[in-house]
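Each remark here refers to the structure printed beneath this line.
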């Protein structure tokens, strides 16, 4: 027994004497080292998102090597721009894991390495080439007036348009004829007065508009417009309703794993989307104006949420970075507008230019010139972060050798709680612009200043304050103070209160009004007013508006107080082809009776249409002569085509890609419409003939039997010899064939290879699809 103890003791001593023996043993092999070097084909998963790709992965000495191109193909941006293959363990910030059971390569990378996502599409209206067809339009407004003390007269305003792909040529004017009484004002002489004659063409591809004839020059808030007889060339953003010209906020962030994102604007959900791992930018912000608050909420698969609040300020007075807006006009000044037909003055030129230097700064310039005037000015609009817009401009002029300056300064802020606006314009020395060139007795004010403030008091209503101060050229000064308050009451009833007075005068003019709606179209208004002279007056008015689809509307009013009693009544009847109005107003001592008829006449596609006044574009739908076909505009029934297969849609918005549909259920059975829905946009002020192609089909359903009058087998092939049309026999031996002729021969190949032939005659002029047979195929 002692020897055994000695052996154990010796072994224990040896182990104590050699403590490093156990540490020298090799560690157990890892799962990666246990596998020999090889090439693996693994499904790639990045930040818990399946990429749907299988990539080749090389295993060398326990490390995984991946082609850089495979990572770049899934949108990954690697630091250092490596090439070839790279060891995953050598990339700092990247964590990899090999899932041998699922044959997947799991990668976790910083979100900034992944491809950026843009959520949302601001192009609400996809751009469509605007169309125009040859046609003509007449807008008219006939007005009759008969006054007890002033006699009676008849006036007819008209607008004539001729349009095609080359643009629109328009002319406006008025004819006036006195029927009784004397005309004391020369501006109301009998006869026709021409207003404007203009040719206009818009290039919606380049957003440019060309005008010739009577034009109104472009201007900025701190400059003036004038009427010219000449030409004008300008940027026209209106031809692109899909384009947002002012900067809208964008909200950026990062998602480490697949998530969802919700965008709330001022407490209302604006957008929801699914996110892939990586950086993202939300661009689908609604068209808003003023100050607001956005909340971006991201939620991952485990329900964990991250919320970010971002304030913003949006204004339409700015241009997006890089956008330009301009207008250049040259011609002769218009004289005695609406008084004389062709009266023009000296030659002048005017130009404006705006440039979006950044999303926070828009630069402006304006210039005017004539033989006696030179004017130039610079200005800009600056967004002060989330605190509103500052605008300023400085102009210098020289008129008849006298110099002058104009300084404009303003500030605007809008939010859901309150809005503030301040604007001041000062003119020094002999400042002048084109409005004074041909009007020697006119003058510009020396100074104008206005301040407006509106407050949203929520359940206490809305309060408005306004101050206006104008110093005229003769140094006379007018200062006005205006106060207003409104509050919604029960069931859409509203109360309005306003008061104003001239500063320096202690007397106020006050008006109070209560508006009570009774139904969708009718409302009652009760008001009481007191002038600054102390005269009071009470009014009651009930009005019922005309339904948009047509019908009758009316207005009744009565007023009494200090002064003659006033009463009025008028009736409006809107038909599809014309709008008729008639009424009476005044006191018992002086009463005025009037009547009015307004509408449009359209000629297009060889047909004439009557409609209510068409102020913008329109469409004539053609079904190629088929009458009674229902037509819809934006899913709303407009009417049915007339005996010529036409229907006028008079309220199309220019450059809007609207949807037009026809209902083919009313078509004869042998008429086919390959396209029952079209989307088109129409140029401003013009019309378009929208044709829905219809084709007459000479067809028949035929029953085929064999020599024993048994139905031919299902699936037999039928060939129409005259047109080479093929069809297959269906149940009960029926076959449907198109493109038939008066004499028809059918070649039939049955299952098993047997063949037979059948012939028949048919009337190709019949309006339906007949059932022919049974025909014996032999």
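Numbering (our numbering), first residue to last: 112 to 889.
Heads up, the beta-carbon is just placed ideally off N, CA and C, and yes, glycines get one too.
Sequence-distant residues of its chain with Cβ nearer than 7 Å to residue i (five each side left out)
i, result
"residue 132", "Caution is warranted here: a pLDDT of 40 is assigned to residue 132, below 50, making its placement in the model unreliable, and the coordinate value is therefore given only provisionally. Within the same chain, residue 132 has no close Cβ partners at all."
"residue 688", "710, 721, 722"
"residue 503", "490, 491, 519, 520"
"residue 356", "348, 430, 431, 434"
Residue range of the unbroken alpha helix (DSSP H) whose run includes residue i
i, result
"residue 183", "179-184"
Cross-strand partners of residue i (DSSP beta bridge)
i, result
"residue 770", "790"
"residue 514", "509"
"residue 822", "816"
"residue 426", "Answer is none; residue 426 lacks a bridge partner."
"residue 385", "371"
"residue 256", "264, 705"
"residue 710", "251"
"residue 464", "437, 476"
"residue 166", "153"
"residue 420", "406"
"residue 485", "480, 509"
Limits of the beta strand (DSSP E) - the one that residue i falls within
i, result
"residue 828", "828-831"
"residue 873", "Careful: residue 873 lies outside any beta strand (DSSP E) and carries neither H nor E."
"residue 636", "633-641"
"residue 648", "647-655"
"residue 502", "500-510"
"residue 883", "882-887"
"residue 668", "662-672"
"residue 228", "228-230"
"residue 476", "472-481"
"residue 697", "690-697"
"residue 538", "529-540"
Where residue i falls: helix, strand or coil (DSSP)
i, result
"residue 765", "coil"
"residue 603", "helix"
"residue 380", "strand"
"residue 451", "coil"
"residue 223", "helix"
"residue 360", "coil"
"residue 350", "helix"
"residue 58", "Any property of residue 58 remains undetermined from this structure, which presents the chain solely from 112 to 889."
"residue 200", "helix"
"residue 495", "coil"
"residue 901", "Within the shown structure, residues of the chain are numbered from 112 to 889, placing residue 901 beyond reach of any answer."
"residue 869", "strand"
"residue 628", "strand"
"residue 851", "coil"
"residue 457", "strand"
"residue 390", "strand"
"residue 777", "helix"
"residue 545", "helix"
"residue 301", "coil"
"residue 276", "coil"
"residue 411", "strand"
"residue 684", "strand"
"residue 741", "strand"
"residue 610", "strand"
"residue 282", "strand"
"residue 172", "coil"
"residue 756", "coil"
Cβ-based neighbour list, residue i, same chain, cut-off 8 Å, excluding 5 preceding and 5 following
i, result
"residue 816", "822, 823, 844, 884, 885, 886, 887, 888"
"residue 879", "779, 780, 781"
Cβ-based neighbour list, residue i, same chain, cut-off 6 Å, excluding 5 preceding and 5 following
i, result
"residue 331", "463, 475, 477"
"residue 291", "262, 263"
"residue 226", "186, 389"
"residue 598", "572, 606"
"residue 530", "565"
"residue 438", "329, 345, 463"
"residue 834", "850"
"residue 635", "627, 653"
"residue 144", "With a pLDDT of only 49 at residue 144, under 50, the local geometry of the prediction cannot be trusted, and no value is derived from it."
Closer than 7 Å: residue i CB and nearest the ligand PLP heavy atom
i, result
"residue 680", "Because no ligand of any kind appears in the structure shown, any question about the ligand PLP cannot be addressed here."
Quiz prompt | Segments of 3+ residues assigned as beta strand (DSSP E) that fall wholly inside the region 552-598 | solution = 558-567, 573-582
Quiz item: If you scan the region 308-333 from start to end, which runs of the beta strand (DSSP E) of 3 or more residues do you find wholly inside it?
Solution: Along the length of the region 308-333, whole beta strand (DSSP E) runs at least 3 residues long occupy 319-327, reported in chain order.
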